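Input: a single structure, listed below in structure tokens.
Numbering (my numbering), first residue to last: 27 to 181.
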């Protein structure tokens, strides 16, 4: 794992994990028996996302932008639990990060890979470079790097 300089020289970051986004639809949706779902097949579905200030919302919108699609965003919320409740009621669809799927597998929704190519977001630990690197920060970075190395060896 390496530190990479962001757009300017003021922010540094450490890549922690690549996290896949899953299309999340109601269990009784016509596409629920598909293992993977294309963006084109859901572009007319009402989309429910986190509020604009949340990075996951921006990443979900980027999924559609990358496919040159313009979805109808029906509603926004500040909680993934609320979004999944809306999906359970059949009022829209959403995207769920892989790191949250296991926690919500008992919900009345189904999680599907994006086809033809899965979409991954990068989760990063970020800090301002101007702040002196303290012993505590170095210790945290060492722990995170160790956890990341362990998780890569289990795949």
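By construction, the Cβ of each residue, glycine as well, lies at the ideal position given by its N, Cα and C atoms. All values reported here derive from a predicted model rather than from experimental measurement.
Backbone secondary structure at residue i - three-state DSSP
{"i": "residue 38", "result": "strand"}
{"i": "residue 154", "result": "strand"}
{"i": "residue 117", "result": "coil"}
{"i": "residue 45", "result": "strand"}
{"i": "residue 122", "result": "strand"}
{"i": "residue 138", "result": "strand"}
{"i": "residue 248", "result": "No information on residue 248 is available, as it lies outside the stretch 27 to 181 that the chain covers here."}
{"i": "residue 159", "result": "coil"}
Nonlocal neighbours in the same chain, by C-beta distance under 8 angstroms from residue i, ignoring five residues either side
{"i": "residue 127", "result": "48 and 137"}
{"i": "residue 63", "result": "49, 51, 57, 138, 139, 140 and 141"}
CB of residue i within 7 angstroms of CB of residue j, strictly
{"i": "residue 45", "j": "residue 143", "result": "no"}
{"i": "residue 95", "j": "residue 65", "result": "yes"}
{"i": "residue 149", "j": "residue 43", "result": "yes"}
{"i": "residue 134", "j": "residue 114", "result": "yes"}
{"i": "residue 24", "j": "residue 118", "result": "The shown model of the chain, from 27 to 181, leaves out residue 24, and the question about it has no answer."}
{"i": "residue 40", "j": "residue 151", "result": "yes"}
{"i": "residue 164", "j": "residue 85", "result": "no"}
Limits of the unbroken alpha helix (DSSP H) element including residue i
{"i": "residue 76", "result": "Element bounds for residue 76: not the alpha helix (DSSP H) but the beta strand (DSSP E), 72 to 76."}
{"i": "residue 67", "result": "65 to 68"}
{"i": "residue 98", "result": "Element bounds for residue 98: not the alpha helix (DSSP H) but the beta strand (DSSP E), 98 to 103."}
{"i": "residue 91", "result": "81 to 92"}
Proximal residues to residue i (C-beta, below 7 angstroms), its chain only, five neighbours per side dropped
{"i": "residue 82", "result": "76 and 123"}
{"i": "residue 154", "result": "36 and 37"}
{"i": "residue 185", "result": "No statement about residue 185 is possible, as the shown extent of the chain runs from 27 to 181 and does not include it."}
{"i": "residue 97", "result": "69, 73 and 90"}
Chain-order list of residues whose beta-carbon lies under 6 angstroms from that of residue i (same chain, five-residue window excluded)
{"i": "residue 109", "result": "74, 103 and 120"}
{"i": "residue 31", "result": "Summary for residue 31: the model assigns pLDDT 41, below 50, so the residue's position carries little reliability, and this model does not support an answer."}
Any C-beta of chain D under 7 angstroms from that of residue i
{"i": "residue 156", "result": "Here chain D cannot be found, since the structure has a single protein chain."}
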